[in-house]
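Asks: For the sequence shown, the numbering used here assigns the number 61 to the initial residue and increments by one for each residue that follows. We treat Cβ as the ideally placed atom computed from N, Cα and C, and that holds for glycine. Since this is a predicted model, take the numbers as computed values, not measurements.
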Amino acid sequence: MNQKRASLISREISVQTANDVQLRMRAATIMTLDEQQTDDSKEKKDDITRLRNELKAEGVKKTNLFEILTYAKPHWKAIMVGLTACVIGGLVYPTYSVVFMQVITSFANTATLLSTGHFWALMFLVLAGIQGSTMFMQTFFMGYGAENLTMDLRSKLFSNILSQDMGYFDSPLHACGKICTRLATDVPNLRSSIDFRLSTVIMTLISMIAGIVL
């Protein structure tokens with residue numbers, strides 16, 4: 061009996077120890093993830109602070125979206141297709157409410173319930189196809205224009221750097237690492253100004269306006 065009790069007690073102790081170890085491992089994992097997220101947020105803040113300080117030191121003027129879009133003129137066809145898809149996609153969401161209202165209204169007339177029900181159900185399918193097509197078009201064409209804008213700006217920046225005299229690189233602001241950082245990260249940041257983020261904002265505004273009107 062004593063041996064059985066001892067074995068049971070040892071088993072309970074081993075189970076509790078295993079549970080404690082698992083809890084400690086989970087807590088350590090959570091703390092590690094929190095530290096990584098904190099480090100990532102600090103790095104992003106440091107990058108933003110660094111860029112702001114460099115811009116102030118260089119005396120760079122602030123720009124706006126319309127000035128950035130002027131650099132994308134060579135790719136205006138793709139951007140216009142993407143913007144058109146944004147407008148159409150923004151009108152689809154309020155149209156759902158109109159179609160849904162017609163579906164509810166069709167239940168009032170039992171004589172034509174079957175035909176009208178099939179028709180408006182088909183309209184839901186048509187709207188779904190239009191919505192899917194516009195989402196693909198706005199993502200593809202806006203992304204195409206944004207990528208080409210990034211390539212053009214990076215090429216112009218690199219050409220401008222090569223055309224500078226030797227004294228330009230003597231300044232700490234124009235060190236090799238900072239110039240490479242501008243080519244690698246700062247220029248692609250402009251891509252977010254006309255990619256799917258802009259199309260999402262436009263589509264949301266169109267949906268809000270159309271929803272208020274309807």
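1) Would you give the residue range spanned by the alpha helix (DSSP H) that D212 belongs to?
2) For a test of the three-state rule: what should DSSP assign to F229, helix, strand or coil?
3) Check the C-beta distance from S267 over to Y153 and give it rounded, since I have them as a contact under 8 Å.
4) Can you give me the C-alpha to C-alpha distance between I148 and L217, rounded to a whole angstrom?
5) Helix, strand or coil for V75 per DSSP?
6) Are there 16 or more other CB atoms within 10 angstroms of the CB of A145, so buried, or fewer, so exposed?
7) To the nearest angstrom, how far is it from the Cα of A206 to the Cα of L250?
8) Give me the Cα-Cα distance between N169 and D255, rounded to the nearest whole angstrom.
9) Just to confirm, is the Cβ distance from L265 to V158 under 8 Å?
10) Can M211 and G142 be called in contact, C-beta distance under 8 Å?
11) Would a C-beta distance cut-off of 8 Å place Y204 and A270 closer than the cut-off?
Replies: Reading from the atomic positions:
1) Within the sequence shown, the letter at position 152 stands for residue 212. Looking at the DSSP string, the run of the alpha helix (DSSP H) that includes D212 is L173 to L222.
2) Position 169 of the sequence shown, counted from the start, is the residue given in the question as residue 229. Three-state result, F229: helix.
3) Counting from 1 along the sequence shown, the entry for residue 267 is found at position 207. Counting from 1 along the sequence shown, the entry for residue 153 is found at position 93. Indeed, because the Cβ distance is near 5 Å, the residues count as touching under 8 Å.
4) Indexing the sequence shown from 1 puts residue 148 at position 88. Indexing the sequence shown from 1 puts residue 217 at position 157. The straight-line gap from Cα to Cα measures roughly 36 Å.
5) Numbered from 1 along the sequence shown, position 15 holds the residue referred to as residue 75. Confidence in V75 is poor, its pLDDT being 49 and thus under 50, which makes the residue's placement too unreliable to answer from.
6) If you number the sequence shown from 1, residue 145 lands on position 85. Flag for A145 reads buried.
7) As a first step, residue 206 is located in the sequence shown; it is residue number 146 there, counting from the start. As a first step, residue 250 is located in the sequence shown; it is residue number 190 there, counting from the start. The alpha-carbon atoms of A206 and L250 are separated by roughly 8 Å.
8) Mapped onto the sequence shown, residue 169 falls at position 109. Mapped onto the sequence shown, residue 255 falls at position 195. In a straight line, the C-alpha of N169 is about 47 Å away from that of D255.
9) One-based indexing of the sequence shown puts residue 265 at position 205. One-based indexing of the sequence shown puts residue 158 at position 98. No, the pair does not count as a contact, with Cβ atoms beyond the cut-off.
10) Taking the first residue of the sequence shown as 1, we reach residue 211 at position 151. Taking the first residue of the sequence shown as 1, we reach residue 142 at position 82. No, these two residues do not count as a Cβ contact at 8 Å.
11) For this step, residue 204 is matched to residue 144 along the sequence shown. For this step, residue 270 is matched to residue 210 along the sequence shown. No Cβ-Cβ contact shorter than 8 Å links Y204 with A270.
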